[in-house]
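> Residue numbering for the sequence shown follows the working numbering, starting at 1 and increasing by one per position.
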Amino acid sequence: MQQVAVVTGGGSGLGREMALALAAVGFEVTVTGRTSAKLEETAAAGEQVAAVGAAGVGAVRTAVLDVTDGPAVREFFASLERIDLLVNNAGIGMPAAPVEEVSEEDWRAVVDTNLTGSFLCAQAAYGRMLRQEPSGGRIINNGSISAHVPRPQAIAYTASKHAISGLTKALELEGRPHGITATQIDIGNAATAMTERMEQGALQPDGSIRVEPTFDPRTVAAFVVQIAQLPTSVAVPTLMVMAAGMPYAGRG
Numbered sequence: 001m002q003q004v005a006v007v008t009g010g011g012s013g014l015g016r017e018m019a020l021a022l023a024a025v026g027f028e029v030t031v032t033g034r035t036s037a038k039l040e041e042t043a044a045a046g047e048q049v050a051a052v053g054a055a056g057v058g059a060v061r062t063a064v065l066d067v068t069d070g071p072a073v074r075e076f077f078a079s080l081e082r083i084d085l086l087v088n089n090a091g092i093g094m095p096a097a098p099v100e101e102v103s104e105e106d107w108r109a110v111v112d113t114n115l116t117g118s119f120l121c122a123q124a125a126y127g128r129m130l131r132q133e134p135s136g137g138r139i140i141n142n143g144s145i146s147a148h149v150p151r152p153q154a155i156a157y158t159a160s161k162h163a164i165s166g167l168t169k170a171l172e173l174e175g176r177p178h179g180i181t182a183t184q185i186d187i188g189n190a191a192t193a194m195t196e197r198m199e200q201g202a203l204q205p206d207g208s209i210r211v212e213p214t215f216d217p218r219t220v221a222a223f224v225v226q227i228a229q230l231p232t233s234v235a236v237p238t239l240m241v242m243a244a245g246m247p248y249a250g251r252g
């Protein structure tokens, strides 16, 4: 039976690399996002992988979806015959701002996407995994180094990613009797559009601006594939992968 995966935020960056890597090993992948044109670019890249790859490469399909829209999320997952893997990758940040200048609107936007969106997708996928035959599946949540230590002037993003840790642990606990496992991947400075500023210089706790190293996002995608292909008897609660030499411990 061909395995089925959903990757949210799959129109670019890490989501695209994860989707292509999963398709390359035979997963039937649906990428979701809010921009149809970006999703179609991912699907076209998937067709190129299939054209030059070995037999057994899975298809990459698209679905426009706002993960903060509960009814739309539930409708989408209800339309799937089964789901073996959900990669909760959709997320946003906001411009650096000290605590006293963070608007309620910006706070809610970050939390709604990064936390509530991840919960809505996980909840809907979890329900499908419970009901399908055979039951079970994996949920991989994109955490962050910020789930452990904050960056300066990034309180909304930091809080949302700390909350992903609680979400992942709760999913793992409740999924245990049903063959549903949850993993949190904490990523530091994978080279995507979101981290371009790191190569130009990022704000440090001492107030300085310093260039930070990045690494190839395909490395993260390879880890996702490895976890996805593990026996169902194996759980990976957490995994951290980051650019060597980036500020992490104490952000210093």
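Quick reminder that beta carbons are idealized off the backbone N, C-alpha and C, glycines included.
DSSP three-state label for residue 168, please.
helix
> Suppose the cutoff is 8 Å on Cβ atoms and the five residues either side in sequence are ignored; what does the same chain contact list for residue 236 look like?
181, 183, 227, 230
> What whole-angstrom Cβ distance do residue 242 and residue 201 have, given they're in contact under 8 Å?
Their Cβ separation, rounded to whole angstroms, is 18 Å, which puts residue 242 and residue 201 out of contact at 8 Å.
> At 3 residues or longer, what runs of the beta strand (DSSP E) sit wholly inside the region 164-211?
180-188
> Residues in its own chain within less than 6 Å of residue 107 by CB, not counting five upstream and five downstream?
156
> May I ask you to verify whether the region 11-18 touches the region 33-46, counting CB pairs closer than 8 Å and requiring at least 3?
yes
> According to DSSP, is residue 225 helix, strand or coil?
Residue state, collapsed to three classes: helix.
> When burial is assigned at 16 or more other CB atoms within 10 Å of the CB, is residue 138 buried or exposed?
buried
> Once DSSP output is grouped into helix, strand and coil, what is the label at residue 80?
coil
> Suppose you measure from the CA of residue 69 to the CA of residue 158; what does that come to, to the nearest Å?
Straight-line measurement puts the Cα of residue 158 at about 22 Å from the Cα of residue 69.
> Residue 128 and residue 76 look like a contact to me (Cβ under 8 Å); what is the Cβ gap, rounded to whole Å?
A Cβ-Cβ distance of about 10 Å is found for the pair residue 128 and residue 76, leaving them out of contact under the 8 Å criterion.
> I need the straight-line Cα distance from residue 119 to residue 47, nearest angstrom please.
31 Å
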